[in-house]
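Sequential numbering of the sequence shown, starting at 2, is according to my numbering. Yeah, the Cβ is synthetic: ideal placement off N, Cα and C, and Gly gets one too. Bear in mind the structure is a predicted one, so any value in this text is a computation, not a measurement.
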Amino acid sequence: MKPPSHTSPLSSSFSPPQPRTEQVDWSPAIAAGIDFYVRRLDSIPSPAPGNKAWKLQFHVERAMRMHQPAMLTFGGAWSNHLHATAATGHALGIRTIGVVRAEPSELENLTPTLQDCTDWGMELVPVSRAEYREKHLPFFKAWLRDRFGNPWIVPEGAGDALGTMGCQSLITSDDLERPWDAIIVSAGTGTTAAGLAIGLRGVSHLFIGNALKGVDMSDAVQKHIESALMDAQWAAEIMENVTSWNDAHQGGFGKITPIVEDFMQQFQTETGVELDGIYTAKTLIKLQSVLSVPSELRSEKLQRKSR
Numbered sequence: 002m003k004p005p006s007h008t009s010p011l012s013s014s015f016s017p018p019q020p021r022t023e024q025v026d027w028s029p030a031i032a033a034g035i036d037f038y039v040r041r042l043d044s045i046p047s048p049a050p051g052n053k054a055w056k057l058q059f060h061v062e063r064a065m066r067m068h069q070p071a072m073l074t075f076g077g078a079w080s081n082h083l084h085a086t087a088a089t090g091h092a093l094g095i096r097t098i099g100v101v102r103a104e105p106s107e108l109e110n111l112t113p114t115l116q117d118c119t120d121w122g123m124e125l126v127p128v129s130r131a132e133y134r135e136k137h138l139p140f141f142k143a144w145l146r147d148r149f150g151n152p153w154i155v156p157e158g159a160g161d162a163l164g165t166m167g168c169q170s171l172i173t174s175d176d177l178e179r180p181w182d183a184i185i186v187s188a189g190t191g192t193t194a195a196g197l198a199i200g201l202r203g204v205s206h207l208f209i210g211n212a213l214k215g216v217d218m219s220d221a222v223q224k225h226i227e228s229a230l231m232d233a234q235w236a237a238e239i240m241e242n243v244t245s246w247n248d249a250h251q252g253g254f255g256k257i258t259p260i261v262e263d264f265m266q267q268f269q270t271e272t273g274v275e276l277d278g279i280y281t282a283k284t285l286i287k288l289q290s291v292l293s294v295p296s297e298l299r300s301e302k303l304q305r306k307s308r
């Protein structure tokens with residue numbers, strides 16, 4: 002992949018531009034009398050694609066305040082998070098270190114993801130699976146800081162309070178002044194969903210398409226909100242306007258079945274919008290089932306509303 006263009010180091014804070022929101026003619030929504038819109042995070046000119054620009058933005062700002070800016074983070078051989086961090090560091094002149102869950106021999110032949118990371122200047126550090134499980138422990142972080150010159154440490158996936166608060170800015174002033182009946186988002190860790198829930202201030206109901214099997218995403222989202230706001234009662238109040246579709250996973254995380262593949266193709270043919278098979282396609286399959294049953298539609302509080 003071609004590296005993103007390099008900008009002047011430390012020239013500005015990393016603030017993603019607002020993506021466009023466009024109305025999409027999708028037959029299940031039309032049949033249900035629903036105005037259906039898509040916020041095109043894929044439209045922004047950012048080295049970090051999709052929601053990752055928002056999850057990273059406050060971590061990048063912290064790193065840019067350092068005398069010798071550096072970010073260290075974690076991921077596997079196919080980690081989109083490592084990929085986004087490396088691309089962002091290259092674009093902004095920030096040194097990046099990637100702690101990879103792999104044996105040294107596994108890095109002899111890099112995946113395309115890790116090859117991009119090295120092309121963008123990321124230093125890859127293999128650690129064993131056992132060591133990787135200790136990445137959140139103070140002694141392990143202290144070892145990393147000592148070895149790599151005290152870099153800013155970003156948790157895997159930027160799934161912490163800073164990541165949550167970064168995603169809050171995905172909610173615009175227009176979203177608050179002219180609220181939607183419902184906003185729908187896919188979730189793996191729940192970081193983005195938690196940021197949206199905080200940003201919405203209760204004006205719209207948030208539905209979450211859970212990509213994980215056997216996990217109640219509501220619990221994960223509430224924990225993220227509590228961590229970001231440091232207020233359990235406030236987090237509980239915010240969750241009153243949040244519903245997790247825990248059956249949206251289509252067999253489990255990362256499983257792309259023929260049903261999912263067919264849906265992706267049909268949706269793109271009809272709307273021109275490309276979905277991914279891990280998150281967004283599965284969430285919209287769930288939404289399609291909700292829209293197809295009038296009684297379920299009413300119970301889910303989805304109603305037509307002119308904007």
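Do residue i and residue j have their CB atoms nearer than 8 Å?
| i | j | result |
| --- | --- | --- |
| Y280 | S205 | no |
| V100 | A78 | no |
| G278 | M265 | yes |
| A191 | A249 | Looking at the sequence provided, one finds Gly at residue 191 rather than Ala. Not in contact: G191 and A249 (Cβ atoms no closer than 8 Å). |
| N81 | K53 | yes |
| A194 | V222 | yes |
| L213 | N242 | no |
| E275 | Q267 | no |
| L42 | G34 | no |
Expressed to the nearest angstrom, what Euclidean distance is found between the alpha-carbon atoms of residue i and residue j?
| i | j | result |
| --- | --- | --- |
| V294 | A30 | 12 Å |
| S44 | Y38 | 14 Å |
| L125 | G203 | 42 Å |
| T284 | D147 | 43 Å |
| M72 | V61 | 8 Å |
| E164 | D220 | Position check: residue 164 holds Gly in this sequence, whereas Glu was assumed. About 17 Å. |
| Q251 | L111 | 30 Å |
| D161 | V155 | 9 Å |
| V291 | K142 | 45 Å |
| P20 | M65 | 24 Å |
| S47 | A85 | 10 Å |
| R130 | P113 | 21 Å |
| N247 | A236 | 20 Å |
| L83 | Y133 | 15 Å |
| E135 | D232 | 28 Å |
| D117 | P152 | 21 Å |
| G158 | F149 | 20 Å |
| S16 | T173 | 14 Å |
| T8 | D175 | At T8 the pLDDT is 43, less than 50, meaning the model places this residue with poor confidence; the figure from the coordinates comes in the next sentence. Cα to Cα, T8 sits roughly 31 Å from D175. |
| G167 | A32 | 36 Å |
| P70 | I286 | 43 Å |
| D263 | I185 | 21 Å |
| L138 | W144 | 10 Å |
| P18 | T119 | 26 Å |
| I257 | T22 | 27 Å |
| P180 | E109 | 51 Å |
Which stretch, first to last residue, makes up the alpha helix (DSSP H) that contains residue i?
| i | result |
| --- | --- |
| T348 | Because the chain in this structure spans residues 2 to 308, residue 348 falls outside the shown range and cannot be described. |
| N211 | Not the alpha helix (DSSP H): N211 falls in the beta strand (DSSP E), residues 206-211. |
| W246 | Per DSSP, W246 belongs to no alpha helix (DSSP H); it is in the beta strand (DSSP E), 243-246. |
| R40 | Note, R40: premise wrong, no alpha helix (DSSP H); beta strand (DSSP E) at 38-40. |
| G167 | 162-169 |
| Q266 | 259-272 |
| S174 | 174-178 |
| R148 | 139-149 |
| M218 | 218-230 |
| Q289 | 281-293 |
| D117 | 113-120 |
The beta strand (DSSP E) that contains residue i, what's its start and end?
| i | result |
| --- | --- |
| P48 | Segment: none, P48 is in no beta strand (DSSP E) and carries neither H nor E. |
| Y133 | That residue, Y133, is in no beta strand (DSSP E); its alpha helix (DSSP H) goes 130-133. |
| A71 | 71-76 |
| I23 | Here the sequence assigns Glu to residue 23, which means Ile is not the residue at that position. Start and end: 22-24. |
| I184 | 183-188 |
| V100 | 96-102 |
Taking the alpha carbon of residue i as the reference point, which residue from the options has its own alpha carbon closest?
| i | options | result |
| --- | --- | --- |
| G273 | W27, Q169, G215 | W27 |
| A229 | F59, G51, A183, A143 | F59 |
| L115 | G76, A131, P139 | G76 |
| E271 | P259, D175, Q24 | Q24 |
| A92 | A49, T74, A233 | A49 |
| L288 | F208, A236, V216 | F208 |
| S106 | G189, P127, G255, P70 | P127 |
| E227 | G196, S170, T244 | G196 |
| P259 | M67, E132, L145, A282 | A282 |
| T74 | A87, I35, G34 | A87 |
| A189 | G90, G215, I199 | Position check: residue 189 holds Gly in this sequence, whereas Ala was assumed. Comparing Cα-Cα distances from G189 to each of G90, G215, I199, the minimum goes to G215. |
| S170 | W181, P180, R179, A198 | A198 |
Using a Cβ cut-off of 8 Å (strictly closer), state whether residue i contacts chain C.
| i | result |
| --- | --- |
| K214 | No chain C appears in the structure shown, which is made up of a single protein chain. |
Item to check | Touch test, the stretch 94-102 against the stretch 120-134, Cβ-Cβ under 8 Å, three pairs minimum | outcome: yes
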